Amino acid sequence: MQELAPGISYLPSQGDVKGTCVLLHSSQSSNAQWKMLQQTLSSEYNVVGIDLLGYGRAPEVESSPHFRLQQEIARIEKALTPTLGEQSLILIGHSYGGAVALKMAQQKHFNIERVVVYEPVSFHVLEEDSPGMQEIRQVSDAMHGKDQIECTRTFIDYWNQPGYFDALPERVQQGMVAQAAKVALDFDALLNDELTLKDYQQIEAPVLILQGEYTRRSARAVVKALSTALTSATVKPVQAGHMGPLTHPAEVNPLILDFI
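Residue numbers in the sequence shown follow this note's numbering, run continuously in steps of one, and reach 878 at the last position.
This is the structure in structure tokens:
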């Protein structure tokens, strides 16, 4: 395994190479969430595992109300271009990582062959007065509170179920609370990105959008909006919630593999 930058690893295929997959994780996670998928992919694909800023082994990011997705992408491009600049890439992203993947595909700085996203939380495509936006604004406002434990509880329970955070081991809770400030920055980036639905129409690569059957209104609204804008998009349901790639990899990973 080659480290292209702190928190960005490159694992060449163990056999004949079908392509290069770039894995992008959700907020409050790291590239480790894709461990099972990475093991399967590595037999036929080169795999780039990315810890997004503030997670895993990636650098921390200073708190700022102007943090944007482009800061994630600039770091990724700087690390990948010297090694993979001429290769076609398959982007695979979940939630926050899905939003990063779609913005990368829209910018076309790389040759993007395909894109797979599980509930990309590109909240900026929603109308401000829509129910989905109003719902996620409440969560975002809570994440910018002073009590980091309560912030984290709100975030984790929203994407899982009430009481989920309190049922976790204390060690896991502490790790999540330590990342609360970065989660707040993720919300700033997702809500304030400049791309519009019309901009996303510029994505030419085939896109698979995976939609959890038991998800939240905000995520469902984003998928619906993107599916109308992306002419090359296919939407497939998964019998899971928003955290499907972690809770139901046996259902999610085969859909990814079939598409790529």
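C-beta atoms are modelled at their ideal positions from N, C-alpha and C, and glycine is treated no differently.
Given the structure is predicted, the values throughout are model-derived calculations rather than measurements.
Spatial neighbours of residue i in its chain, beta-carbon cut-off 6 angstroms, leaving aside the 5 residues before and after
{"i": "L629", "result": "M619, S660, V665"}
{"i": "N810", "result": "none"}
{"i": "L803", "result": "F685"}
{"i": "F741", "result": "I754, L808, L809"}
{"i": "L826", "result": "V734, T852, F877"}
{"i": "A697", "result": "L622, A623, I626"}
{"i": "Q819", "result": "A847"}
Enclosing beta strand (DSSP E) for residue i [first to last residue]
{"i": "T638", "result": "637-642"}
{"i": "A623", "result": "620-623"}
{"i": "G830", "result": "825-830"}
{"i": "L808", "result": "Counting along the chain, L808 falls outside any beta strand (DSSP E), though it belongs to the alpha helix (DSSP H) covering 798-810."}
{"i": "L629", "result": "626-629"}
Under the three-state DSSP convention, the category residue i falls into
{"i": "V853", "result": "strand"}
{"i": "V739", "result": "coil"}
{"i": "S845", "result": "helix"}
{"i": "S836", "result": "helix"}
{"i": "Y818", "result": "helix"}
{"i": "I878", "result": "coil"}
{"i": "N649", "result": "helix"}
{"i": "G862", "result": "helix"}
{"i": "A785", "result": "coil"}
{"i": "N871", "result": "helix"}
{"i": "L813", "result": "coil"}
Integer Cβ distance of residue i from residue j, believed to fall under 8 angstroms
{"i": "M794", "j": "I774", "result": "6 angstroms"}
{"i": "Q656", "j": "G674", "result": "Incorrect: roughly 13 angstroms between the Cβ atoms, too far for contact."}
{"i": "L687", "j": "A807", "result": "5 angstroms"}
{"i": "L709", "j": "L642", "result": "7 angstroms"}
{"i": "I691", "j": "A823", "result": "So it is not a contact: roughly 16 angstroms between Cβ atoms."}
{"i": "L707", "j": "T638", "result": "5 angstroms"}
Residue i - containing alpha helix (DSSP H), residue span
{"i": "Q791", "result": "788-795"}
Contact set for residue i: own chain, Cβ-Cβ below 8 angstroms, skip 5 residues either direction
{"i": "L817", "result": "Sequence inspection shows Asp at residue 817; the Leu mentioned does not correspond to that position. Correct list, in chain order: Q724."}
{"i": "T865", "result": "A858, G859"}
{"i": "V856", "result": "Y736, L828, Q829, G830, E831, G862, H866, E869, V870, L873"}
Other residues of its chain near residue i: CB distance less than 7 angstroms, five sequence neighbours each side excluded
{"i": "L701", "result": "The sequence as given places Thr at residue 701; Leu does not occur at that position. Closer than 7 angstroms at Cβ, skipping near neighbours: L622, Y628."}
{"i": "P624", "result": "R675, A676, P677"}
{"i": "V801", "result": "S645, Q646, M761, F773"}
is_contact[residue i, chain D] using C-beta, thresh 7 angstroms
{"i": "M761", "result": "In the displayed structure, chain D is absent; only one protein chain is listed."}
Residue i: CB within 6 angstroms of a non-hydrogen atom of the ligand SAH
{"i": "L875", "result": "Only the bare structure without any ligand can be found here, which leaves the ligand SAH out of the picture."}
What ranges does the beta strand (DSSP E) occupy inside the segment 700-775, keeping only unbroken runs of at least 3 residues that lie completely in it? Counting whole runs of 3 or more residues, the segment 700-775 contains the beta strand (DSSP E) stretches 706-712, 729-736.
Which full runs of the alpha helix (DSSP H) of 4+ residues lie inside the segment 647-695, going along the chain? Taking only runs of at least 4 residues, the alpha helix (DSSP H) segments lying wholly in the segment 647-695 are 653-659.
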